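These protein sequence lines map, in sequence, to chains G and P.
According to this note's numbering, the residues represented by the first sequence are 1 to 331, in order.
According to this note's numbering, the residues represented by the second sequence are 1 to 331, in order.
Cβ coordinates follow ideal geometry from the N, Cα and C atoms, glycine included.
Note that the coordinates shown come from a computational prediction; the quantities given were computed from them, not determined experimentally.
Contents: one structure, followed by commentary.
Number of protein chains: 2
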Amino acid sequence: MADFYDVLTIGNAIVDILTHVDDAFLEKAQLTKGAMTLVDEERSEYLYQLMGPATEISGGSAANTAAGLASFGAKAAYIGKVCDDQLGHIFRHDIKAAGVHFETVPSKNKPATARCMVFVTPDSQRTLQTYLGACVKLLPGDIVKNVVEKSKITYLEGYLWDSPSAADACRLATQYAKQSGNKVALSLSDPYCVERHRTEFQHLCSKIDILFANEAEIMSLWQHNNLKTVIEQIGKITPLVIITLGAAGSLVVYQGSVITIKPAAVRQIVDTTGAGDLYAAGFLYGIVCGYPLKACGEIASLAAGEIISHLGARPAVKLAKLLKDSGIVKE
Amino acid sequence: MADFYDVLTIGNAIVDILTHVDDAFLEKAQLTKGAMTLVDEERSEYLYQLMGPATEISGGSAANTAAGLASFGAKAAYIGKVCDDQLGHIFRHDIKAAGVHFETVPSKNKPATARCMVFVTPDSQRTLQTYLGACVKLLPGDIVKNVVEKSKITYLEGYLWDSPSAADACRLATQYAKQSGNKVALSLSDPYCVERHRTEFQHLCSKIDILFANEAEIMSLWQHNNLKTVIEQIGKITPLVIITLGAAGSLVVYQGSVITIKPAAVRQIVDTTGAGDLYAAGFLYGIVCGYPLKACGEIASLAAGEIISHLGARPAVKLAKLLKDSGIVKE
């Protein structure tokens, strides 16, 4: 264990199973394009049977963020639950090999390690079908107090609220972080996830320090269809709010003012999986380095741009080098 | 089961674990660059610990060939042994989803499904470290007589001889194929594999109909360092011999004459894993379609060119479409 961590992320520990499909496939399989849908084991098996040949890559929203942070050179830790099975071993190997501290004890019996089937369409959009498996076994007991206390920022993914015990774990982690004077960040994860847990997420906004959301998520949170109104409202509740707008860039809302961030130039968009996760990684890296918020946003866009240029949601190149070459900050 | 199969391939059923490394890594881990080395479970675990974040894709030499054949539109079948575990399920899913007939009963207990760590260096070369796992449990009883009898060509990978019971299975498959008047093809797989089984491979050459080898393998087989001499010698023993020469293309040796095949134009070589496997797929597809040998070689080069343009050893696009667009043959 390190003396301190820049960021501890907590999330559903998932192995992604990626394949390319056309829109007709999504229709035939009755999948909601662009969304993350939770499926049970039976439906997961059914969809896997329908799926063409695939590629497996470790994923999980907050785990991707941790891997991104480590790739920038930050000290990152991760808490998430896998099963003691082959996919669990792969997940563990990949996150540790990325340089992330990860010591959550795996569950011994079924359910198996979580998997997320990622259907990438020709427009580079991704449609996610997640079987949570072992993730539902994440318990408050998995939150190592010592690690939370040593972490400058504890980052939670909204998806965790889909498991009642994992939501309890998040509440405990928030408590530990606040008690030790550290910051808490939350990602709203997905508009449908916001729908499922709106009341608690609204409540949480007044307790956390940093909120990450895309346009659809934050609109869903406040059930408004005017982004300007939502920004005014959330700006009074959460100290720092970052709203991603896809190809249009992002907005940073801090102390009543809004900073506009341009998207990074991307030669070819291949797969948008992980764009939000890596955006958060870049932004948090900027924060822990003490960079101005505009630079944080630009670093975030840089990381998001890298991840959508290839298949999979973990960096394919060292983000530290990418940042150095970008000239965004002088080091 | 289909009425007939164009090609049945038999091989080690393996899931590839791919990562990028530099040459210093190969040196540090004492790996023989470009070769396939067999490792035991302990060494496999050790190397996996050293390995960075990775991607999992179904592989296995003859399985890649079967997937390639199916991608061309041929009727392909595969025999190979996985364990009834998560990697085994992934392997089964991927080959069936590729359209290949695969019904080999998985083993129930340890060892686990085989894995091959693929270390790709910046020069796009691959260095393979294979833990054979469940593959050593392939037995003569796994060779379904009915399937061999229905297959125009039975294709064996030389790697199978690394397991004594799998070698027995190959001998039985050869016997079934010859009894029913079908053809047998053999791939020499790897120069080190040839070294391990030289005598039997030499003996086999007089029994089979088609031999696939690269320059290093065929030189090793006859322990000559003059390719011309080797070609004269092998041409008298095996009816059809195909020798791949990497970036220099390939040679087809048939009835005393040698046809030179140009390599396909490849925009960017990313990972040479599977080049030989897909070359064989293209060539065999040409054979079962009854195309002239020169066209068979060109189709083979086309398939090899596709596979080296991306990570992994299974086609990323429909080879049938690629062939149609190539204009090599008029259909």
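Apart from the five residues on each side of it in sequence, which residues of its chain come closer than 6 Å, Cβ to Cβ, to residue i?
i: Tyr5 (chain P); result: Lys75, Ala77, Lys150, Ser151
i: Ile14 (chain P); result: Gly59, Gly60, Ala114, Cys116
i: Ile234 (chain P); result: Val241
i: Thr19 (chain P); result: Met51, Gly52, Ala54
i: Leu227 (chain P); result: none
i: Leu138 (chain G); result: Lys81, Ala166, Ala169
i: Ala177 (chain P); result: Val148, Thr154, Val184
i: Ala281 (chain P); result: Thr65, Gly68, Leu69, Ala303
i: Leu31 (chain P); result: Thr127
i: His101 (chain P); result: Ala77
Look at residue i and residue j and say whether their C-beta atoms are less than 7 Å apart.
i: Val113 (chain P); j: Ala134 (chain P); result: Residue identity check: residue 113 (chain P) is Thr in the sequence provided, not Val. Yes, they are a contact pair.
i: Ser220 (chain G); j: Val253 (chain G); result: no
i: Cys159 (chain P); j: Ser44 (chain P); result: Here residue 159 (chain P) is Tyr; the residue named in the question, Cys, does not match the sequence. In this structure, Ser44 (chain P) does not lie closer than 7 Å to Tyr159 (chain P) by Cβ.
i: Glu298 (chain P); j: Ile269 (chain P); result: no
i: Leu278 (chain P); j: Ala304 (chain P); result: yes
i: Pro111 (chain P); j: Val82 (chain P); result: no
i: Asn64 (chain G); j: Gly274 (chain G); result: yes
i: Ile261 (chain G); j: Ser250 (chain G); result: yes
i: Phe72 (chain P); j: Leu319 (chain P); result: yes
i: Asp142 (chain G); j: Ile79 (chain G); result: yes
i: Val163 (chain G); j: Val136 (chain G); result: Just to set this straight, residue 163 (chain G) is Ser in the shown sequence, not Val. In contact: Ser163 (chain G) and Val136 (chain G) (Cβ atoms closer than 7 Å).
i: Leu188 (chain G); j: Ala216 (chain G); result: no
i: Ser301 (chain G); j: Ala247 (chain G); result: no
i: His197 (chain P); j: Trp161 (chain P); result: yes
i: Glu200 (chain G); j: Gly11 (chain G); result: no
Excluding five sequence neighbours on each side, which residues of the same chain lie with their C-beta closer than 7 Å to the C-beta of residue i?
i: Ile208 (chain P); result: Val184, Ala185, Leu186, Thr238
i: Thr272 (chain G); result: Ser124, Gln125, Arg126, Ile308
i: Phe91 (chain G); result: Ala13, Val15, Ser58, Val82, Thr113
i: Asp85 (chain G); result: Ala112, Thr113
Is residue i helix, strand or coil when you go by DSSP?
i: Asn214 (chain P); result: strand
i: Met219 (chain P); result: helix
i: Phe119 (chain P); result: strand
i: His310 (chain P); result: coil
i: Asp325 (chain G); result: helix
i: Ala295 (chain P); result: helix
i: Val100 (chain G); result: coil
i: Gln30 (chain P); result: coil
i: Asp272 (chain G); result: Per the sequence shown, the amino acid found at residue 272 (chain G) is Thr instead of Asp. Looking at Thr272 (chain G) - three-state DSSP - the assignment turns out to be coil, as it is neither helix nor strand.
i: Leu251 (chain G); result: strand
i: Val21 (chain G); result: coil
i: Asp40 (chain G); result: coil
i: Lys75 (chain G); result: coil
i: Cys205 (chain G); result: coil
i: Leu278 (chain P); result: helix
i: Thr238 (chain G); result: coil
i: Asp190 (chain G); result: coil
i: Ile231 (chain G); result: helix
i: Val15 (chain G); result: strand
i: Ile287 (chain G); result: helix
Let's see if you can read the secondary structure: which residues bound the alpha helix (DSSP H) around residue i?
i: His93 (chain G); result: 86 to 97
i: Asp168 (chain G); result: 164 to 179
i: Val105 (chain P); result: Unbroken run through Val105 (chain P): none, as it is neither H nor E.
Which chain A residues are close to residue i, counting only those with a beta carbon under 8 Å from its beta carbon?
i: Leu87 (chain P); result: This model lacks chain A altogether; the protein chains it does include are G and P.
Name the two residues that bound the continuous beta strand (DSSP E) containing residue i.
i: Ser151 (chain P); result: 151 to 157
i: Arg126 (chain P); result: 126 to 131
i: Thr333 (chain P); result: This structure cannot speak to residue 333 (chain P), because chain P is shown only from 1 to 331.
i: Lys355 (chain G); result: There is no way to answer for residue 355 (chain G), as the model of chain G reaches only from 1 to 331.
i: Leu8 (chain P); result: 5 to 10
i: Thr113 (chain P); result: Per DSSP, Thr113 (chain P) belongs to no beta strand (DSSP E) and is neither H nor E.
i: Ile259 (chain G); result: 257 to 261
Beta carbon of residue i: closer than 6 Å to some heavy atom of the ligand SAM?
i: Ser180 (chain P); result: In terms of ligand content, the structure shown is empty, and the ligand SAM therefore cannot be addressed.
Grab me the residues of residue i's own chain with a C-beta within less than 8 Å of its C-beta, minus the 5 sequence neighbours each way, in chain order.
i: Tyr48 (chain G); result: Ile17, Met117
i: Val39 (chain G); result: Leu47, Gln129, Thr130, Tyr131
According to a CB-to-CB cut-off of less than 9 Å, which residues of the stretch 1 to 15 of chain P neighbour chain G?
Only Val15 from the stretch 1 to 15 of chain P bring a Cβ to less than 9 Å from some Cβ of chain G.
Chain G contacts made by the stretch 196 to 209 of chain P, where a contact means CB separation under 9 Å
Interface annotation for the stretch 196 to 209 of chain P against chain G: empty, criterion Cβ-Cβ distance under 9 Å.
By the 8 Å beta-carbon criterion, what residues does the stretch 26 to 55 of chain P contribute toward chain G?
If the cut-off is 8 Å between Cβ atoms, the stretch 26 to 55 of chain P has Tyr48, Gln49, Met51, Gly52, Pro53, Ala54, Thr55 near chain G.
Please list the residues of the stretch 93 to 105 of chain G that have a C-beta atom closer than 7 Å to any C-beta atom in chain P, keeping them in chain order.
Against chain P - using a Cβ distance shorter than 7 Å - the residues of the stretch 93 to 105 of chain G are His93, Asp94, Ala97, Ala98.
Can you give me, in chain order, the residues of the stretch 290 to 323 of chain G that have a beta carbon less than 9 Å from any beta carbon in chain P?
Against chain P - using a Cβ distance shorter than 9 Å - the residues of the stretch 290 to 323 of chain G are Leu311, Gly312, Arg314, Pro315, Ala316.
At a CB distance below 9 Å, what residues from the stretch 52 to 82 of chain P approach chain G? Give them in sequence order.
Going along the stretch 52 to 82 of chain P in chain order, one finds Gly52, Pro53, Ala54, Thr55, Glu56, Ile57, Ser58, Ala67 with a Cβ nearer than 9 Å to chain G.
With 9 Å as the C-beta to C-beta threshold (strictly closer), list the residues of the stretch 263 to 293 of chain G near chain P in chain order.
For the stretch 263 to 293 of chain G, there are no residues whose beta carbon sits under 9 Å from a beta carbon of chain P.
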